[in-house]
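Counted from 1, the sequence shown has number 26 at position 26 by my numbering; the numbering is strictly sequential. Even for Gly, the Cβ is constructed at its ideal location relative to N, Cα and C. Computed from a prediction, not measured in an experiment: that's the story for all the values here.
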Amino acid sequence: MQERSRGRRQALQILYQSDVTGSEVADIFDSGTYSREDGEPSEFCKELALGTAEHLSEIDSALGATSKHWVVSRMPFVDRNILRLATYEILFCESIPASVSINEAVEMAKVYGGEDSSRFVNGVLGKIAERAVDPGEQRVEDLGG
Numbered sequence: 001m002q003e004r005s006r007g008r009r010q011a012l013q014i015l016y017q018s019d020v021t022g023s024e025v026a027d028i029f030d031s032g033t034y035s036r037e038d039g040e041p042s043e044f045c046k047e048l049a050l051g052t053a054e055h056l057s058e059i060d061s062a063l064g065a066t067s068k069h070w071v072v073s074r075m076p077f078v079d080r081n082i083l084r085l086a087t088y089e090i091l092f093c094e095s096i097p098a099s100v101s102i103n104e105a106v107e108m109a110k111v112y113g114g115e116d117s118s119r120f121v122n123g124v125l126g127k128i129a130e131r132a133v134d135p136g137e138q139r140v141e142d143l144g145g
């Protein structure tokens, strides 16, 4: 598995843990209570998980605006955190092409999500990417903010 894919998977696990337990992402890193299935979290994992947590309200606004029939809080935990992670990459990580973020998210949804997760993730992230003005910047009025 490529290093960045492993980092994304680690970040997903930490975001999922934070979402389920209500713990802050930084506290999960500090306490060491994360899964070590893929080894110690990489720097890329930390960047993604902490960045997603830092921009969570903006990310959830963007997701809410693009997933018409789903309220973010009612999405399945796995799908919600895959979407949050990839949305962070699309909106705030200039060095990562949106197509890469979407592809990686769809692959994680196939492994960890439900039967329809990969299609749902692909559709929502496609809309997020279309509305992004350029990498690292979003049109707040279009994304629900």
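Counting only the same chain and skipping the five closest in sequence on each side, list residues whose C-beta sits under 8 angstroms from that of D20. In the sequence as presented, Asp is not what sits at residue 20; that position holds Val. Only F77 meet the Cβ criterion.
Short check: CB of V71 to CB of L63, under 7 angstroms? Not closer than 7 angstroms, so no.
Opening and closing residue of the alpha helix (DSSP H) in which G126 lies: Where G126 is concerned, the enclosing alpha helix (DSSP H) starts and stops at S117 to R131.
Tell me whether S18 sits in a helix, a strand or coil according to DSSP, three-state version. helix
Throw me the rounded Cβ distance for the R8 and M75 pair, which I believe falls under 8 angstroms. Rounded, the Cβ-Cβ distance is 18 angstroms, inconsistent with contact.
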